[in-house]
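Student: FYI, the numbering for the sequence shown is 2 to 170, going by my numbering. We treat Cβ as the ideally placed atom computed from N, Cα and C, and that holds for glycine.
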Amino acid sequence: MPDIQITKQLNITVDKTLINSYGDLQFTDTAGNNYKVGVKRVQHFKDKITPGATVTLNYAEAYGKEYIYSAIPQDRPSAKEMVDKVFPEPAKPAPAPAPSPQAVQSNSSVVKPQVNDKLPPKPEMYNSERIKYKSMCLAYAKDLCATAGVIAPDDITKWADKFMEWLIK
């Protein structure tokens, strides 16, 4: 297959979108220009081309006909913002108030509460289960990187470890 050559780029703001009876994605920009993506390529574009979105359309040529090759969102949030929206940081428990110095002096049997932020690993989780969960977390992080573009390739293992922490807790 020959290399794809981008023939032109357009920056547009999408005004309206419609999927017609054939399954094609038809959309209009704010200037009133009409665009169409064929039914075979709709899955690649329907999440990016939404009303109000600002996108860069890249055109390529095949068999002498120009077509929309890709759409790149311009106002897309960063990968960290998207992941944090789906997986917010777990809330840490508030530390227990320490007893007053007077209570400690008057009653020497008062035991200070221990605050343990980290939970011990579950004793019933054997190595095979841990491997299964780690594999599942890596696959999920890889999918978020490859299909959604939410996670950068360099951060896959870091996010897989975070997912693993959330599963174990």
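Entirely within the region 11-45 and at least 3 residues each: give me those beta strand (DSSP E) ranges in chain order.
Tutor: The qualifying runs are 26-30 and 35-38.
Student: Less than 8 Å separating the beta-carbons of V40 and D25?
Tutor: Yes, they are a contact pair.
Student: Alpha helix (DSSP H) containing T57: first to last residue?
Tutor: T57 -> not in any alpha helix (DSSP H); beta strand (DSSP E) instead, spanning T55 to A63.
Student: With DSSP run on the structure shown, which of helix, strand or coil describes I50?
Tutor: Residue state, collapsed to three classes: coil.
Student: Short check: CB of A61 to CB of P74, under 8 Å?
Tutor: For A61 and P74, no; Cβs fall outside 8 Å.
Student: Taking buried to mean at least 16 other C-beta atoms within 10 Å of its own C-beta, is V151 buried or exposed?
Tutor: It is buried - the Cβ of V151 has at least 16 other Cβ atoms within 10 Å.
Student: Considering only C-alpha positions, which residue in the set Q44, E67 and K37 is nearest to I5?
Tutor: Nearest C-alpha to I5: E67.
Student: Going by beta-carbon coordinates alone, are L168 and Y134 separated by less than 8 Å?
Tutor: Yes. Within cutoff.
Student: Give the straight-line distance between the Cα atoms of G65 and V84, rounded to the nearest whole angstrom.
Tutor: Cα to Cα, G65 sits roughly 41 Å from V84.
Student: Can you find the residues in the same chain that come closer than 6 Å, C-beta to C-beta, to N35, ignoring five residues on each side of it along the sequence?
Tutor: T29.
Student: According to DSSP, E82 sits in a beta bridge with which residue or residues?
Tutor: Its beta-bridge partners do not exist; DSSP assigns none.
Student: What residues are listed by DSSP as bridge partners for S71?
Tutor: Answer is N59, bridged to S71.
Student: Excluding the 5 residues preceding and the 5 following K143 in the sequence, name in chain order all residues of the same chain whose CB lies nearer than 7 Å to its CB.
Tutor: So the list reads I157, once near-sequence residues are dropped.
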